[in-house]
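A.B. asks:
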Amino acid sequence: MSYFAEVRLVDPDFVFDMQTTSCKNKIFTRYFWCFGPPKKTYKLLRPVVVIDRTFLKGRYCGTLLTVVVIDPSNHIFLLVFLVTDSETIQSWTYFL
């Protein structure tokens, strides 16, 4: 069973989407995930949203895009994640 299937067992509101190329040998292009509790508590968070990206290095290269918010106790709270094969207009459009 995949990691995301396991997460869905304990968090039924978990959102996950993986996209691949449409060719015979499917090649990863991007995947997006957001855990259920952040989705439900978003209205309680402070109206400060930080969107950032970093480049992944090593065996699996790509770009990690994140949305970070501040909770009422001034703690950083990761809200949404997207891993994509490269930073493109299409990736940012999908993410936003």
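Using our numbering, the letters of the sequence shown map in sequence onto residues -17 to 78. Glycine residues also receive a C-beta, built at the ideal position from the N, C-alpha and C atoms. For clarity, every value in this text was computed on a predicted model and none was experimentally measured.
(1) Count the CB pairs spanning the stretch 1 to 16 and the stretch 65 to 74 that are closer than 8 Å, and state whether there are at least three.
(2) Check the C-beta distance from residue 30 over to residue 51 and give it rounded, since I have them as a contact under 8 Å.
(3) For residue -2, collect the residues of the same chain with a Cβ closer than 6 Å to its Cβ; drop the 5 residues on either side in sequence, then sort them by chain order.
(4) State the Cα-Cα distance for the pair residue 41 and residue 7, rounded to the nearest angstrom.
(5) Taking all protein chains shown into account, do 16 or more other C-beta atoms lie within 10 angstroms of the C-beta of residue 37, making it buried, or fewer, making it exposed?
(6) Looking at the strands, I want to know which residues DSSP matches up with residue 13.
(7) In whole angstroms, give me the CA-to-CA distance for residue 56 and residue 10.
(8) What residue from 78, 18 and 72 has the CA that sits closest to residue -11's CA?
(9) For a quick check, are the C-beta atoms of residue 59 and residue 27 less than 8 Å apart?
(10) Between the alpha carbons of residue 1 and residue -6, how many angstroms are there, rounded?
C.D. replies: Answer, in terms of the structure:
(1) By the criterion of at least three beta-carbon pairs nearer than 8 Å, the stretch 1 to 16 is in contact with the stretch 65 to 74.
(2) Here residue 30 is taken as the residue at index 48 of the sequence shown, counted from 1. Here residue 51 is taken as the residue at index 69 of the sequence shown, counted from 1. With 8 Å as the limit, residue 30 and residue 51 qualify as a contact, their Cβ atoms being about 7 Å apart.
(3) In the sequence shown, the residue the question calls residue -2 occupies position 16. -14 and 15.
(4) Counted from its first residue, the sequence shown places residue 41 at position 59. Counted from its first residue, the sequence shown places residue 7 at position 25. About 19 Å.
(5) As a first step, residue 37 is located in the sequence shown; it is residue number 55 there, counting from the start. With fewer than 16 other Cβ atoms from the protein chains shown falling within 10 Å of its own Cβ, residue 37 counts as exposed.
(6) By 1-based counting over the sequence shown, the position of residue 13 is 31. In DSSP, residue 13 forms a bridge with 0 and 65.
(7) Counting from one through the sequence shown, the residue named residue 56 turns up at place 74. Counting from one through the sequence shown, the residue named residue 10 turns up at place 28. Looking at the two C-alpha atoms, the distance is approximately 36 Å.
(8) In the sequence shown, residue -11 corresponds to position 7, counting from 1. It is 18.
(9) Along the sequence shown, one-based indexing puts residue 59 at 77. Along the sequence shown, one-based indexing puts residue 27 at 45. For residue 59 and residue 27, yes; Cβs fall inside 8 Å.
(10) Within the sequence shown, numbered from 1, the residue matching residue 1 stands at position 19. Within the sequence shown, numbered from 1, the residue matching residue -6 stands at position 12. The straight-line gap from Cα to Cα measures roughly 21 Å.
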